[in-house]
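In my numbering, the protein residues as written are 11 to 450. Even for Gly, the Cβ is constructed at its ideal location relative to N, Cα and C. Since the structure comes first, as structure tokens, the remarks are kept for the end.
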């Protein structure tokens, strides 16, 4: 009967603890961790303490009933019934009392372990509080880093807009440059074509000049030959003039001699007169021929001078044509080089244009990514704020739980002390040996 009472009380104590744990879990879900733990602790610990004290006082009553003197008490003890509202200690009662003493020692040991566990829990909560503080500090650093990143993203977006404007301007400049280079390329092509045609004309002109110079040389040689022939004619004319002068002199002498001969010399005088007339006519013709030959010599001399001048002019013309050809060749070479350079510049401009277009596209992608990154950083900033608030709340809850655990540790220490007192009191109870007990 007494053992059943103790078992029933312990079962009720277990149900009280389970019910308090259930209420604590509900409170944790509805109210919060600190309040839930407080509710569970306030329900379970005092209830368990009450049942332990009830067991203690019941055991005291059994001990007092077992030590009463008198046969009535002995008889009641042997019978194991209630006498004057006192319980007589039987062999089973002594056994129960020994078991109760063991339970008290076990509970005291469990109280010591519970206190140590609570102190360890308090230390764990302190470490958890430090960890939460570190998390809060890390969260604040993340917030600052997110703010700095947001500012950097804003600067990147602003720089991207400036770069976009610069790329737009550069794109326009490249368009104008490409158009100008294409026009220059066409102009160079036209100039090169004209220079090639001019080169062909200059080559033809040089051929004509060489032909003219050759012709002038031939004419000069012909004139020089004519001059030589004219000199021969002059010499022959001088000879004729000399013969005419001598003939005139001889005819004059013959006329004088014919006049001296008289009638006999009259016919000879007539012949001499005719010879004088012929000699005079020959002398006059020789004089005219001499004058004409002199004029011809002067004309030939002028022609020679003019031909020499023309030869010099043709020579200078050939030299000038050669110079023009060299300049034209240099111009064509320069134009070809400039054409090649313009072609390279045009290709470079087109490549630069494509690069600018690619950079514009990439800049748009970068701006879009920067904007999305800014939005993500803003969301992270908001999330970090929320996490910081939750961490701060968790820190406060941990502080509250730590306070509750510290109070629980104090209560556990008090319970441990009470259990130690109960164990000491029960240890001083005298329990009858089994041979003195009535085992009927």
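Approximately 18 Å separates the beta-carbon atoms of residue 184 and residue 374; this is outside 8 Å, ruling out the contact. Take residue 342, set aside five residues on each side of it, and the residues of its chain with a beta-carbon closer than 6 Å to its own are 205, in chain order.
Ranked by Cα distance from residue 201, the options 400, 356, 365 and 347 are led by 347. Taking all protein chains shown into account, residue 212 has 16 or more neighbouring C-beta atoms within 10 Å of its C-beta and is therefore buried. Nearest C-alpha to residue 254 among 335, 297 and 308: 297. When rounded, the separation of the alpha-carbon atoms in residue 292 and residue 324 is 46 Å. Around the beta carbon of residue 277, fewer than 16 other beta carbons sit within 10 angstroms, so the residue counts as exposed. Residue environment analysis places residue 311 among the exposed positions, since fewer than 16 neighbouring C-beta atoms fall within 10 angstroms of its C-beta. In the three-state DSSP reduction, residue 340 falls in the helix class (H, G or I). Residue environment for residue 366: buried (at least 16 other C-beta atoms within 10 angstroms of its C-beta). Only exposed fits residue 140, as fewer than 16 other CB atoms lie within 10 angstroms of its CB. For residue 275, the three-state secondary structure derived from DSSP is coil. When 289, 284, 267 and 236 are compared, the shortest CA-CA separation from residue 252 is found for 289. Rounded to the nearest whole angstrom, the C-alpha separation of residue 239 and residue 267 is 41 Å. Residue 194 is positioned such that its CB atom lies closer than 7 Å to that of residue 352. By the criterion of a C-beta distance shorter than 8 Å, residue 339 is surrounded in its chain by 209, once the five residues flanking it on both sides are discounted.
Sorting 294, 245 and 236 by C-alpha distance to the C-alpha of residue 258 places 294 at the top. In terms of Cα proximity to residue 331, the closest of 217, 230, 191 and 178 is 217. Of the candidates 260, 299 and 301, 260 places its Cα closest to the Cα of residue 281. CA-CA distance, residue 143 to residue 388, rounds to 24 Å. Taking the C-beta atoms as reference points, residue 319 is found no nearer than 7 Å to residue 247.
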